[in-house]
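Take the sequence shown: its position 375, counting from 1, is numbered 375 in UniProt numbering, and each next residue is one higher.
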Amino acid sequence: MDLPEVDVAIVGAGFAGLTAARDLGEAGRTVCVLEARDRIGGRTWYRTDLFDGIGLEMGGTWIVPEQAFVSAEVRRYGIAVADSELPHRMTWSDQGKVLESLMPVPPAELGDLEHAVRALVAAGARLDVDRPLSEQDLVDLDVPIRQWARDAGLRGNARELLISWFCGCGNASAETGSALDILRWLAAMGNSVWGMVRASVLGQTFVDGTASLATALAEDGGAEIRLSTPVRSVRQEADRVVVGHDGGAVAARRVLVTVPIGVLRHVDFQPALSPAKLAVSTENHAGQGQKVWAIARNVPHDLSGYGWGTAFDYVGAMGTRPDGVLLVCFAPEHDRVDGTDRVAVQCAVREFAPDAEVVATATHQWVDDEWSRGTWTTFRAGQISRYEKDLGAREGRVHFAGAHTARRWPGFIDGAIDSGRRAAAELLEVL
Ligand SMILES: Cc1cc2nc3c(=O)[nH]c(=O)nc-3n(C[C@H](O)[C@H](O)[C@H](O)COP(=O)(O)OP(=O)(O)OC[C@H]3O[C@@H](n4cnc5c(N)ncnc54)[C@H](O)[C@@H]3O)c2cc1C
Numbered sequence: 001m002d003l004p005e006v007d008v009a010i011v012g013a014g015f016a017g018l019t020a021a022r023d024l025g026e027a028g029r030t031v032c033v034l035e036a037r038d039r040i041g042g043r044t045w046y047r048t049d050l051f052d053g054i055g056l057e058m059g060g061t062w063i064v065p066e067q068a069f070v071s072a073e074v075r076r077y078g079i080a081v082a083d084s085e086l087p088h089r090m091t092w093s094d095q096g097k098v099l100e101s102l103m104p105v106p107p108a109e110l111g112d113l114e115h116a117v118r119a120l121v122a123a124g125a126r127l128d129v130d131r132p133l134s135e136q137d138l139v140d141l142d143v144p145i146r147q148w149a150r151d152a153g154l155r156g157n158a159r160e161l162l163i164s165w166f167c168g169c170g171n172a173s174a175e176t177g178s179a180l181d182i183l184r185w186l187a188a189m190g191n192s193v194w195g196m197v198r199a200s201v202l203g204q205t206f207v208d209g210t211a212s213l214a215t216a217l218a219e220d221g222g223a224e225i226r227l228s229t230p231v232r233s234v235r236q237e238a239d240r241v242v243v244g245h246d247g248g249a250v251a252a253r254r255v256l257v258t259v260p261i262g263v264l265r266h267v268d269f270q271p272a273l274s275p276a277k278l279a280v281s282t283e284n285h286a287g288q289g290q291k292v293w294a295i296a297r298n299v300p301h302d303l304s305g306y307g308w309g310t311a312f313d314y315v316g317a318m319g320t321r322p323d324g325v326l327l328v329c330f331a332p333e334h335d336r337v338d339g340t341d342r343v344a345v346q347c348a349v350r351e352f353a354p355d356a357e358v359v360a361t362a363t364h365q366w367v368d369d370e371w372s373r374g375t376w377t378t379f380r381a382g383q384i385s386r387y388e389k390d391l392g393a394r395e396g397r398v399h400f401a402g403a404h405t406a407r408r409w410p411g412f413i414d415g416a417i418d419s420g421r422r423a424a425a426e427l428l429e430v431l
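Written out as C-alpha cells, the structure is:
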C-alpha cells in the first residue's frame, strides 16, 4: 500500500497524546494524531452548553501544585488556575443520617480515628513513588480497600469513613480498588493526609476549563490532529507501522498508543498485544464510578459532605447561582445512582442535605463510553504487582503512554502529561 508516511502516528488526543505530539513536533518530527472523538481532551471535557452556560468539567478537574508536570505546562502557557475555596465546615453522613458532630466519630471512638490516621501514615511511609511500586515488597497493600482496612485493624466510623474516602479517591468499590493505588496519593503528597485531601477535591481548577491547556498543547508543535478518526488496527511491517482507521490508514515509522486500559484490547494489534497488556485490558481498571453535577435548592451554600453507606461518597458545593447551589457529586460505582435521573440524584443528595430540591443534573457516562470504558485509572487489587512494568513497555515499533503508565499520578492529568513527555523522549531516542 502506497501511503504517505509520518515519523510518528499517535492514537488518542487526550493529555498524553497531545503532550507527546507537542514534544515531537517541537523536535522537528512529523506527527499525525488520530482521535476517535470529535474533540480533543479525552477524559477531560469542559462543557459550556449545559446549565445555562456555566462551565462544567465532566471529567478531570483538579490539579495541585505538587503535580510537577501539569504545573509546568500551566506556567509555560500562562494558563489561569484558581485555588479551591476551603469549606467552613464538614458534613458527615452515616448511612444517610447527617451527623450533628464536628468529628465523623462519637467521642468514645476518637481513639479509633487516631489509630486510622496512624495506620494510614504508616502505610504511606512504605511507598517510594519515584520507583516502581511492584519492586517494593508491597503486595500486602495491593489488596482490596476493604481488606486493607480490616488488616490495618481499623474500627467503627473511622473505618467506614476511610473506606469510603479511599473509594471516593479511586472512584472504585471497596471490593475492587487497590488500597496501594490510593496510598500512592498520600505518598505522592509527601505522606500528608491534608495533602491527600487537597489532591482530591481541594486543589486548583482551570479558570477557562481544562480545554484551555489542551488547546494550548494542540496548537503548539504543529502536529496534524484528525478528529472523528477511530483507529481499528495497528499492524507492524518490516520497517514501518500501518495504522488503520475508519475511512483509511496512516503509515508511520513509529506509533504511540495512548488509549485507556480497557480500550486497548479493542484495537486489532498485529502482532498481537503482549499477554500482560491483553490481560490487564480485559480485566480493565477499577475506576468505574461516576461524577454528577447538580443544581439544588435548600442546601448549604458551602456544603462539603463525606458519606459512608450512602449512594454518593462526596457531595460538594462549587458555587451559588440564582437557581440554586451548584453541586459536584461522586459515586464509586456507576449503578449506585442514575446520574441522569433528577429524582434519583435528589434522593442521593438528601443523604447529605435532607431538604435538598434538585432542579437539574448533568453527567457523562464514562463507563459506557467506548473510548474510555471507565473514569480515572485506579488499579484493581493485584494489578500493580502483576502488570505495572508491562503497561508502558514498548512492543517493537509500537510505544505506549497514557496516564495509567505514569509512576506518581496514574489517575490524573499530571500522569497523562508525564507519560506523554516520557514517551516522546523514548521515541526521539530511537527515531
Ligand atoms: C469523571 C472524571 C474525573 C476526573 N477527575 C480528575 C481530576 O480532578 N484531576 C485529575 O488530574 N484527573 C482527573 N481525572 C483523570 C484525568 O482526566 C485522566 O487521567 C487524563 O485526562 C487521562 O489522559 P490520557 O491522555 O491518558 O487518556 P484519555 O484522556 O482517555 O485520552 C485517550 C484518548 O484516546 C482516544 N481514543 C480511544 N480509543 C481510540 C481509538 N481506537 N482511536 C482513536 N482514538 C481513541 C480517546 O477518545 C481519548 O481522547 C478524571 C477523569 C474522569 C473521567
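All C-beta atoms in this analysis are idealised placements derived from N, C-alpha and C, irrespective of residue type, glycine included. Note that the coordinates shown come from a computational prediction; the quantities given were computed from them, not determined experimentally.
query: Nearest by alpha-carbon distance to Q204: which of E351, T61, I295 and R226 is it?; result: T61
query: By the three-class DSSP mapping on this structure, what secondary structure does T19 have?; result: helix
query: Out of Q288, R159 and L110, which one is the CA nearest neighbour of D335?; result: Q288
query: Can you tell me whether E66 is helix, strand or coil according to DSSP?; result: coil
query: What does the Cβ neighbour count give for H301, buried or exposed, with the cut at 16 atoms within 10 Å?; result: exposed
query: Whether or not the region 380-395 and the region 312-332 are in contact is what I'm after, with contact meaning three or more pairs of Cβ atoms, one per stretch, closer than 8 Å; do they touch?; result: no
query: Going by Cα to Cα distance, which pick from L18, R198 and G28 is closest to L86?; result: R198
query: Hey, would you say the C-beta of L202 is under 7 Å away from at least one heavy atom of ligand 1?; result: no
query: Inspect the beta-carbon positions of D142 and L180 and report whether they are closer than 8 Å.; result: yes
query: Helix, strand or coil for S233 per DSSP?; result: strand
query: Closest to E100 by CA distance: which of V359, R89 and D418 is it?; result: R89
query: State the DSSP-derived secondary structure class of V315, mapped to helix, strand or coil.; result: strand
query: CB of L34 to nearest heavy atom of ligand 2: below 7 Å?; result: Although ligand 2 was asked about, the structure shown includes only ligand 1 as ligands.
query: I need the straight-line Cα distance from A216 to Y77, nearest angstrom please.; result: 7 Å
query: Which two residues bound the contiguous alpha helix (DSSP H) that contains R159?; result: G156 to G170
query: At the level of alpha carbons, what is the spacing between M196 and W185?; result: 6 Å
query: Does F206 come out as helix, strand or coil in the three-state DSSP assignment?; result: strand
query: Any chance the CB of T258 is under 7 Å from a heavy atom of ligand 1?; result: yes
query: I need the DSSP call for T361, collapsed to helix, strand or coil.; result: strand
query: What does a CB cutoff of less than 7 Å around A187 pick up in its chain, not counting 5 residues either side in sequence?; result: G124, L127 and V129
query: List in chain order: all unbroken beta strand (DSSP E) runs of 3+ residues lying wholly within the region 362-403.; result: 398-400
query: Tell me whether R22, by its Cβ, gets closer than 7 Å to a heavy atom of ligand 1.; result: no
query: Report, in whole angstroms, the separation of the C-beta atoms of F327 and V349, which I expect to be a contact under 8 Å.; result: Per the sequence presented here, residue 327 reads as Leu, with Phe not at that position. Sure, about 7 Å apart at Cβ, within 8 Å.
query: Please find out if some non-hydrogen atom of ligand 1 comes closer than 7 Å to the beta-carbon of S233.; result: no
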